[in-house]
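Novice: When we follow our numbering, the leftmost residue of the sequence shown carries the number 10, and every step to the right adds one.
No residue lacks a Cβ here, since even glycine has one placed at the ideal position from N, Cα and C.
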Amino acid sequence: MNKYYIVLCCVFSIFLFSSFKTGSECQYAGANIDFAKNQTEKALDISDINIVRYHAYKAINAIEKSQEKLTECGCEYAIQDLKRGLSNLKLATKATDLDSTRILLLKSLENIMGSLNALEDHHLHQNKEKKDLIAINSTSTNNEATLIKRKPTPTIYNKIDSSLAKYKNSLNKVVETVNCKEARAFVVDIIDQCQNELLRDDLSEGKKYYYLRTKEITAKALVKIGTCETK
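#1: Is the region 68-78 close to the region 30-47, with three or more CB pairs under 8 Å?
#2: Could you tell me whether the region 87-96 touches the region 165-181, using the rule of 3 or more Cβ pairs below 8 Å?
#3: For residue 199, does the three-state DSSP call read helix, strand or coil?
#4: Quick one: Cα of residue 198 to Cα of residue 190, how far?
#5: Just curious, the alpha helix (DSSP H) that residue 238 is in, first and last residue?
#6: Less than 7 Å between the C-beta atoms of residue 84 and residue 127, yes or no?
#7: Is the distance from the Cβ of residue 194 to the Cβ of residue 234 below 7 Å?
#8: Return the first residue and the last residue of the alpha helix (DSSP H) that residue 181 is part of.
#9: Where residue 209 and residue 99 are concerned, what is the direct C-alpha to C-alpha distance, given to the nearest angstrom?
#10: Would residue 49 and residue 125 qualify as a contact pair, given that the criterion is a beta-carbon distance under 7 Å?
#11: Expressed to the nearest angstrom, what Euclidean distance is found between the alpha-carbon atoms of residue 102 and residue 62?
#12: Whole angstroms is fine: what's the gap from residue 129's alpha carbon to residue 36's?
#13: Tell me which residues share the same chain as residue 227 and place their Cβ nearer than 8 Å to its Cβ, disregarding the 5 neighbours each side in the sequence.
#14: Quick one, are the C-beta atoms of residue 86 and residue 166 less than 7 Å apart?
#15: Per DSSP, what kind of secondary structure is residue 84 in: helix, strand or coil?
#16: Please report the straight-line C-alpha distance between residue 65 and residue 223, rounded to a whole angstrom.
Have a look at this one:
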């Protein structure tokens, strides 16, 4: 057994161990963030501001529980989006009227979904690295290792479309119920945010698709709102 093979096996073993640990931290964080998303969606469907705040606080609690694990997971994009989501949720609990609360909740929902999307992107990237290393190891040992059967994974694009369906419904509800000028300002802000993110040259394909679809959905809402001159 040559020295190169021994070194490669050691690197391979360390990588798999660290990937397993990081993967479990990412899964824990993802479960809590998904719970926060569900609570935020519930809050957007309610007209009683006190019950809205109850669900917002549950979302805040879930996000705060996930922060340590998310840091260990190492997905910087998810961390950034989640910080914005947490900030908007806290502002939503302090808003004194339902319109302002809903706008802040929808902002938070968009942030939280962005975090989940980044986490999924991070997971796929890790899996690709692991499979590439397995392929290298298999080749270097003349196919002595058993090849792993790869199951087809649902594309990240389908998952993004699925998550944005709820955002679209919540956005339409805000457009229909919130003061026109406030709703328009919010929608324009989301479009600008998406546009700024799309200018970055370090975005993954998943992130690009997420921001493109979010921008497209929100732009349609802007057309629906109009200029607010007669509203």
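Specialist: In brief:
#1: The answer is yes - the region 30-47 touches the region 68-78, with three or more Cβ pairs under 8 Å.
#2: They do not touch, by the three-pair rule.
#3: As a first step, residue 199 must be located in the sequence shown, where it is residue number 190. Here DSSP, grouped into helix, strand and coil, assigns residue 199 to helix.
#4: Numbered from 1 along the sequence shown, position 189 holds the residue referred to as residue 198. Numbered from 1 along the sequence shown, position 181 holds the residue referred to as residue 190. Each residue's alpha carbon lies about 12 Å from the other.
#5: Locating residue 238 in the sequence shown gives position 229, counting from the first residue. First-last for residue 238: undefined, no H or E at that position.
#6: If you number the sequence shown from 1, residue 84 lands on position 75. If you number the sequence shown from 1, residue 127 lands on position 118. Yes, the pair counts as a contact, with Cβ atoms nearer than the cut-off.
#7: On the sequence shown, residue 194 is found 185 positions in, with the first residue counted as 1. On the sequence shown, residue 234 is found 225 positions in, with the first residue counted as 1. In this structure, residue 234 does not lie closer than 7 Å to residue 194 by Cβ.
#8: The residue you call residue 181 lines up with position 172 of the sequence shown. Per DSSP, the unbroken alpha helix (DSSP H) holding residue 181 starts and ends at 165-186.
#9: If you number the sequence shown from 1, residue 209 lands on position 200. If you number the sequence shown from 1, residue 99 lands on position 90. Distance between the alpha carbons of residue 209 and residue 99 is about 28 Å.
#10: By 1-based counting over the sequence shown, the position of residue 49 is 40. By 1-based counting over the sequence shown, the position of residue 125 is 116. Result no, Cβ atoms of residue 49 and residue 125 do not sit closer than 7 Å.
#11: The count along the sequence shown starts at 1 and reaches residue 102 at position 93. The count along the sequence shown starts at 1 and reaches residue 62 at position 53. So the two alpha carbons sit approximately 5 Å from each other.
#12: Working through the sequence shown from its first residue, we reach residue 129 at position 120. Working through the sequence shown from its first residue, we reach residue 36 at position 27. Distance between the alpha carbons of residue 129 and residue 36 is about 10 Å.
#13: Start at 1 with the first residue of the sequence shown, and residue 227 comes out as number 218. The beta carbon of residue 227 lies closer than 8 Å to those of 180, 196, 199, 200 and 203 in the same chain, with the five residues before and after it left out.
#14: Residue 86 sits at position 77 when you count from the first residue of the sequence shown. Residue 166 sits at position 157 when you count from the first residue of the sequence shown. Not in contact: residue 86 and residue 166 (Cβ atoms no closer than 7 Å).
#15: Position 75 of the sequence shown holds residue 84. DSSP places residue 84 in coil when its eight states are reduced to three.
#16: Position 56 of the sequence shown holds residue 65. Position 214 of the sequence shown holds residue 223. Between residue 65 and residue 223, the C-alpha separation is close to 22 Å.
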